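Numbering (my numbering), first residue to last: 127 to 757.
Note that beta-carbon positions come from the ideal geometry of N, C-alpha and C, so glycine has one too.
Bear in mind that the values here come from a model prediction, so they are computed numbers and not experimental data.
Beneath this line is the structure, given in structure tokens, with notes to follow.
Listed below in structure tokens is the structure:
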């Protein structure tokens with residue numbers, strides 16, 4: 127196999143720390159496997175002294191299989207692990223832990239449900255709060271800092287002082303049951319290495335050569351533990367790309383990559399700057415975007431594939447009048463491709479796991495097969511959607527109390543459940559109940575009128591009436607202010623609901639769509655899909671978030687909904703946050719091997735949209751722009 131100069135330098139590196147900057151499609155896995163072989167066969171290192179750490183089980187398995195194939199299964203002693211599996215192996219040998227000492231998700235959820243009942247919290251969605259709490263606790267452990275110093279995103283739902291109490295009660299529960307969670311594996315291993323130098327020495331002797339893949343994804347606690355392990359021999363070989371660090375929300379810190387040479391002054395730096403995946407225009411477009419980030423290593427990425435000039439339609443930026451037009455065109459382009467190629471050649475990438483609802487509705491209409499790369503949240507299961515649907519059920523004639531009590535004070539009407547004590551809702555009885563309270567009686571009458579008016583509307587008009595005329599948007603705004611939640615995220619759910627109604631003429635038709643969409647999400651099990659990097663079990667389009675697409679590649683990639691507020695996401699305000707958003711866009715762009723299609727609509731759910739700033743950063747000469755002329 128032929129290698130270029132930088133690849134050979136990385137493969138032949140022997141002793142001492144080394145940082146290898148590996149851009150997208152630069153062949154880093156090949157370099158890693160050949161370096162392991164070189165350490166054994168050329169440098170005389172025993173396989174048992176080599177440790178290779180990755181961040182996912184799939185990556186560890188793939189690298190092990192590739193190495194064993196390369197070496198004809200001669201060197202099975204090399205240890206391939208994830209951080210978690212490696213640290214748990216150490217704890218198992220030190221403390222006798224077994225798999226049943228790891229707390230299950232079910233038991234963890236049960237604990238948090240029970241503990242939350244001890245506090246007088248007004249909880250709209252218990253599972254959402256549990257997700258916030260567990261994510262916060264995980265980030266506390268990854269940071270290696272006190273819970274008092276960790277900011278709380280959902281402070282309005284659960285104040286920091288209560289979360290800190292819950293954190294300590296959770297740790298007490300784990301200790302009493304002799305349980306650990308995944309983040310404890312790193313914390314306990316760090317404590318073990320810090321306190322027991324004899325045990326640390328044994329592991330340092332065992333693994334004298336350490337290779338770490340995707341180093342940009344490392345968190346503080348992992349790095350501190352790794353430093354202890356590598357301190358004796360300092361043969362730490364890290365591979366990664368700071369431009370692809372996109373997991374800040376779960377504690378990943380690219381700063382360790384950027385400061386590696388300060389921590390290890392003797393470290394050798396090697397740049398793998400040849401992209402073997404993407405055609406030249408795609409490389410040029412992606413480079414022009416990521417160059418706007420300031421906190422990064424400078425790199426001169428070049429495409430190995432020549433012969434594709436900048437005028438070749440490898441990168442297409444297209445503007446649409448509306449989201450509906452975008453989705454229709456997307457579906458038509460996919461069907462057109464399927465006549466000459468495979469559906470599995472294609473990936474459609476979105477920023478958030480609720481952002482696919484728009485075009486998946488169109489895919490169902492066009493009968494386009496698709497595979498969902500990860501668990502997608504169903505917007506219709508959100509409590510806001512359940513409120514809207516409760517109004518619609520009432521408009522369709524239902525008088526079930528479960529629907530009525532859901533919306534009776536959303537927005538606030540100060541109506542009591544006692545006024546609706548019958549097994550079915552009776553407005554006349556409620557008006558009689560408030561006969562001497564004219565203001566409340568008027569509100570009952572207004573609610574009755576609103577439900578009657580809703581029954582005459584189309585789904586889109588009805589949702590809009592609930593939002594505006596009934597005052598549900600005002601209720602959401604007040605709720606967000608009171609709970610210190612992000613209003614834009616809640617309005618985003620409302621927009622998803624509004625958008626889903628646009629192709630439905632009647633309520634039954636809309637309900638049928640919701641049922642079909644929900645069934646599709648349940649049936650489409652997450653799959654390691656990738657056109658050329660694992661493949662689908664069936665010929666289908668891959669639908670994925672930008673996050674989950676990392677490490678995969680496809681012939682054609684479509685990035686849709688590239689508007690401000692979505693890409694970059696509206697929560698990104700600080701420069702550090704915006705740089706991570708730009709890195710995510712860069713990762714998404716560089717999944718494309720042959721064609722990259724970038725779409726943005728001017729209107730969504732009745733609201734005007736602005737083009738993403740990241741699209742405007744693309745070098746105009748590297749893309750074909752198809753824009754609507756301003757009237």
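How big is the Cα-Cα spacing for residue 234 and residue 166? 44 Å
Residue 207 bridges to which residues according to DSSP? 179
When DSSP labels each residue in this structure, what does residue 171 get in the three-state scheme? coil
For residue 692, count neighbouring C-beta atoms within 10 Å of its own C-beta (all shown protein chains included) and say buried if the count is 16 or more, exposed if not. buried
Taking the straight line between their C-alpha atoms, what separation do you get for residue 395 and residue 139? 11 Å
Same chain, Cβ closer than 7 Å to residue 201, neighbours up to 5 away in sequence not counted: 166, 173
Separation of residue 466 from residue 335, as counted between CA atoms: 48 Å
Secondary structure, beta strand (DSSP E): runs of 3+ residues fully inside the segment 190-251: 205-208
Alpha-carbon to alpha-carbon, residue 715 and residue 267: 32 Å
To the nearest angstrom, report how far apart residue 468 and residue 453 are at their CA atoms. 19 Å
Inter-residue spacing [alpha-carbon to alpha-carbon] between residue 301 and residue 577: 53 Å
Counting only the same chain and skipping the five closest in sequence on each side, list residues whose C-beta sits under 6 Å from that of residue 517. 533, 592
Can you name the residues that DSSP bridges to residue 683? 473, 722
Tell me whether the beta-carbon of residue 482 lies closer than 8 Å to the beta-carbon of residue 722. no
So what does DSSP say about residue 374, is it helix, strand or coil? helix
Spatial neighbours of residue 214 in its chain, beta-carbon cut-off 6 Å, leaving aside the 5 residues before and after: 311
Exposed or buried, which one is residue 735 when buried takes at least 16 other CB atoms within 10 Å? buried
Where residue 361 falls, given that 16 or more other Cβ within 10 Å makes a residue buried: buried
Consult DSSP for residue 273 and reduce its assignment to one of helix, strand or coil. helix
Where residue 147 and residue 157 are concerned, what is the direct C-alpha to C-alpha distance, given to the nearest angstrom? 12 Å
Locate the beta strand (DSSP E) running through residue 431, then write down its first and last residues. 428-431
To the nearest angstrom, report how far apart residue 658 and residue 427 are at their CA atoms. Confidence at residue 658 is low in this model, with a pLDDT of 40, below 50, so its placement is unreliable and the value that follows should be read with caution. For residue 658 and residue 427, the distance between alpha carbons rounds to 22 Å.
Could you tell me which whole beta strand (DSSP E) segments of length 3 or greater appear in the segment 435-501? 441-446, 472-476, 496-498
If you drop the 5 nearest sequence neighbours on each side, which residues of the same chain put their C-beta closer than 8 Å to that of residue 281? In this prediction, residue 281 scores a pLDDT of 47, lower than 50, which makes its location untrustworthy; the coordinate-derived value is nonetheless stated afterwards. Only 610 meet the Cβ criterion.
Looking at the structure shown, is residue 734 part of a helix, part of a strand, or coil, going by DSSP? strand
Going by alpha carbons, who is nearest to residue 594 out of 320, 570, 580? 580
Residue closest to residue 181, alpha-carbon to alpha-carbon, out of 696, 348, 629, 739: 348
Is the beta carbon of residue 365 sitting closer than 8 Å to the one on residue 154? yes
Using 10 angstroms around the beta-carbon of residue 169, count the other beta-carbons present and answer buried if the total reaches 16, otherwise exposed. exposed
Take residue 621 and list the residues in its own chain whose beta-carbon comes closer than 6 Å to its own, dropping the five residues that flank it on each side. 731
Ignore the nearest five residues each way along the sequence and tell me which others in residue 511's own chain have a CB closer than 7 Å to its CB. 505, 619, 623
When DSSP labels each residue in this structure, what does residue 711 get in the three-state scheme? helix
Residues of its chain near residue 245, where Cβ-Cβ distance is below 7 Å and the 5 sequence neighbours each way are ignored: 288
Does the distance from the C-beta atom of residue 220 to that of residue 354 stay below 8 Å? no
Element boundaries [alpha helix (DSSP H), containing residue 315]: 308-321
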